[in-house]
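Reviewing the structure listed below.
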Amino acid sequence: MRRTVLAAVAASGLIVMLAGTALTEESNWGAYQVNDKRSGYTYAAAETRAIQDDDFENPAMLWVDTGGELWNTVEGEAGKACASCHEDAAETMAEVGATYPVYYEPRGKLINIEQRINLCRTENMKAKAWKWESRELLSMTAFVRNQARGKPVAVKIDGPAAPFYEKGKEFYNQRRGQLDMACKSCHEDNAGNMIRANLLSQGQSNGFPTYRLKWQKVGSLHRRFRGCNKQVRATPYKAGSDEYVNLELFLANRGQGLPVETPAVRN
Amino acid sequence: MAWQSLGVVRALICGAGIAALFATGAAAEEFIAFKIDNNESIANSLTGKPGDPARGREVAINRKQGNCLACHKLPIPEQPFHGEIGPDLSMIGDTYSAGELRLRVVNPKIVNPDTFMPAFYRPYGLHRVMKNFQGKTILTAQQVEDVVAYLTTLK
């Protein structure tokens with residue numbers, strides 16, 4: 005009996021040691037890595053990751069909280085709040101953050117979460133659409149996507165979404181701007197390499213809207229697209245443009261299986 | 011003679027309606043045509059003048075100009091961050107002649123179409139260039155010469 009216990013203790017000690025070894029290796033990123041797909045979390049500094057890990061430290065949670073308040077706020081001529089139809093967001097919005105953008109039949113194209121929110125506002129609530137990058141739209145998008153936090157990204161790229169996915173892919177691989185660089189040039193071919201003082205990530209989208217330390221606020225994925233385009237001295241598209249929504253679908257699929265992290269914290 | 015040769019380059023520029031004048035900005039000057047030998051080298055100085063290696067070193071550091079350090083390691087110890095995207099250039103003057111270096115700064119895509127590296131002296135054949143940079147080269151012809159002069163000293 006005693007021998008068995010000792011053996012068990014020794015064995016468990018060995019397991020702890022092995023686990024300890026594995027954890028010190030950089031490759032063990034748990035849910036933040038799926039095969040060769042790595043969340044931006046795995047490229048972030050330890051201090052940045054620590055801010056994201058703690059909801060009380062993460063400043064982006066203020067936006068999520070605002071979104072939660074807006075969820076219950078009645079607005080527009082129809083006298084409705086989001087909650088009037090969708091009730092408990094934890095249940096009704098559990099999948100949205102992992103599955104958007106989607107093909108939207110009435111428009112014959114893709115829509116993302118921001119656009120879905122504004123469609124609800126204008127068509128169902130009879131309220132004004134929120135402006136892109138406004139506090140309200142960022143907050144509601146962050147709140148909705150946060151309901152799917154931890155769920156693996158699972159977008160559909162077949163059926164009617166297929167041609168839009170292809171356009172997004174084309175955008176991703178198209179060199180642009182005076183510097184003549186594609187998204188792929190940095191985030192596919194050079195992820196993990198330093199570009200002067202910055203570490204290039206895979207450019208995964210699973211944490212957006214995200215709190216960027218550089219912005220000192222939460223920003224949309226399309227804001228990030230515009231910034232990247234300008235950095236290579238290319239004319240950016242408008243936030244909410246078809247081009248960017250198609251790219252958004254391509255990126256989501258590229259990170260298929262990574263967990264939704266909204267609201268992430270990044271450089 | 012390569013397709014990028016003097017006559018063709020002129021034809022491209024005029025054909026694109028860009029004319030010879032590039033109005034404003036860092037590289038605001040007339041585009042100077044050049045001759046490429048066997049897709050390997052541009053033997054002559056773009057400006058007809060020699061480059062200044064000390065100025066070339068500054069251009070290589072400057073984030074709005076060459077920003078060579080974004081991607082390459084260079085013997086510039088006072089600058090803390092050197093990129094890892096391109097090859098280490100610390101001994102590049104041993105590997106390539108001035109003419110070969112000039113071609114690689116002007117338009118490295120002639121040597122390797124898939125390269126990440128921008129063409130520093132090619133104001134055409136680009137997609138959706140921002141208005142402020144349209145029709146302009148990243149570096150002026152003299153800045154190209156200065157960078158080439160600097161690179162040839164790296165031995």
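Keeping their order, the protein sequence lines are chains A and B.
Taking my numbering, I'd label the letters of the first sequence as residues 5 to 271.
Taking my numbering, I'd label the letters of the second sequence as residues 11 to 165.
A virtual CB, placed ideally from N, CA and C, is assigned to each residue, including glycine.
Under the three-state reduction of DSSP, which class applies to residue i: helix, strand or coil?
{"i": "glutamate 79 (chain A)", "result": "strand"}
{"i": "valine 148 (chain A)", "result": "helix"}
{"i": "asparagine 177 (chain A)", "result": "helix"}
{"i": "glycine 101 (chain A)", "result": "helix"}
{"i": "asparagine 48 (chain B)", "result": "coil"}
{"i": "asparagine 77 (chain B)", "result": "coil"}
{"i": "asparagine 1 (chain A)", "result": "No information on residue 1 (chain A) is available, as it lies outside the stretch 5 to 271 that chain A covers here."}
{"i": "threonine 163 (chain B)", "result": "coil"}
{"i": "methionine 127 (chain B)", "result": "coil"}
{"i": "isoleucine 161 (chain A)", "result": "coil"}
{"i": "glycine 172 (chain A)", "result": "helix"}
{"i": "alanine 87 (chain A)", "result": "helix"}
{"i": "threonine 223 (chain A)", "result": "For the record, residue 223 (chain A) in the displayed sequence is glycine; it is not threonine. The answer is strand: DSSP assigns glycine 223 (chain A) an E or B state."}
{"i": "valine 269 (chain A)", "result": "strand"}
{"i": "arginine 237 (chain A)", "result": "coil"}
{"i": "tyrosine 47 (chain A)", "result": "helix"}
{"i": "arginine 132 (chain B)", "result": "coil"}
{"i": "alanine 108 (chain B)", "result": "helix"}
{"i": "aspartate 156 (chain B)", "result": "helix"}
How should residue i be labelled, buried or exposed, when 16 other C-beta atoms within 10 angstroms of its C-beta is the threshold for buried?
{"i": "alanine 50 (chain A)", "result": "exposed"}
{"i": "proline 110 (chain A)", "result": "exposed"}
{"i": "methionine 101 (chain B)", "result": "exposed"}
{"i": "aspartate 59 (chain A)", "result": "exposed"}
{"i": "glutamate 73 (chain A)", "result": "exposed"}
{"i": "threonine 77 (chain A)", "result": "exposed"}
{"i": "glutamate 265 (chain A)", "result": "buried"}
{"i": "lysine 143 (chain B)", "result": "Looking at the sequence itself, residue 143 (chain B) is phenylalanine, so the reference to lysine does not match. The residue is buried, with at least 16 neighbouring Cβ atoms inside 10 Å."}
{"i": "tyrosine 77 (chain B)", "result": "Rather than tyrosine, the amino acid found at residue 77 (chain B) in this sequence is asparagine. Buried, by the Cβ-count rule."}
{"i": "serine 55 (chain B)", "result": "buried"}
{"i": "asparagine 49 (chain B)", "result": "exposed"}
Across which residues does DSSP place residue i in a beta bridge pair?
{"i": "asparagine 142 (chain B)", "result": "Partner(s): none; asparagine 142 (chain B) has no beta bridge."}
{"i": "glutamine 208 (chain A)", "result": "The partner list for glutamine 208 (chain A) (beta bridge, DSSP) is empty, contrary to what the question assumes."}
{"i": "proline 156 (chain A)", "result": "A:Pro263"}
{"i": "leucine 114 (chain A)", "result": "A:Tyr107"}
{"i": "methionine 185 (chain A)", "result": "A:Arg180"}
{"i": "lysine 41 (chain A)", "result": "A:Val38"}
{"i": "threonine 214 (chain A)", "result": "A:Gly223"}
Which whole-angstrom value describes the C-beta separation of residue i and residue j, a residue pair presumed to lie in contact below a C-beta threshold of 8 angstroms?
{"i": "glycine 207 (chain A)", "j": "arginine 138 (chain B)", "result": "19 angstroms between Cβ atoms; not a contact."}
{"i": "tryptophan 75 (chain A)", "j": "phenylalanine 147 (chain A)", "result": "6 angstroms"}
{"i": "valine 249 (chain A)", "j": "proline 105 (chain A)", "result": "5 angstroms"}
{"i": "asparagine 150 (chain A)", "j": "arginine 216 (chain A)", "result": "At roughly 17 angstroms, the Cβ-Cβ gap does not stay under 8 angstroms, so asparagine 150 (chain A) and arginine 216 (chain A) are not in contact."}
{"i": "phenylalanine 175 (chain A)", "j": "leucine 114 (chain A)", "result": "Going by Cβ atoms, the distance from phenylalanine 175 (chain A) to leucine 114 (chain A) rounds to 13 angstroms, so no, they are not a contact pair."}
{"i": "proline 267 (chain A)", "j": "proline 213 (chain A)", "result": "6 angstroms"}
{"i": "cysteine 81 (chain B)", "j": "isoleucine 199 (chain A)", "result": "7 angstroms"}
{"i": "threonine 46 (chain A)", "j": "tyrosine 36 (chain A)", "result": "5 angstroms"}
Could you check whether the Cβ of residue i sits closer than 7 angstroms to any heavy atom belonging to the ligand SAH?
{"i": "alanine 158 (chain A)", "result": "For the ligand SAH, the structure offers nothing, since it holds no ligand at all."}
Thinking C-alpha only, which one of the options is nearest residue i?
{"i": "glycine 261 (chain A)", "options": "A:Arg237, A:Gly211 and A:Gly244", "result": "A:Gly211"}
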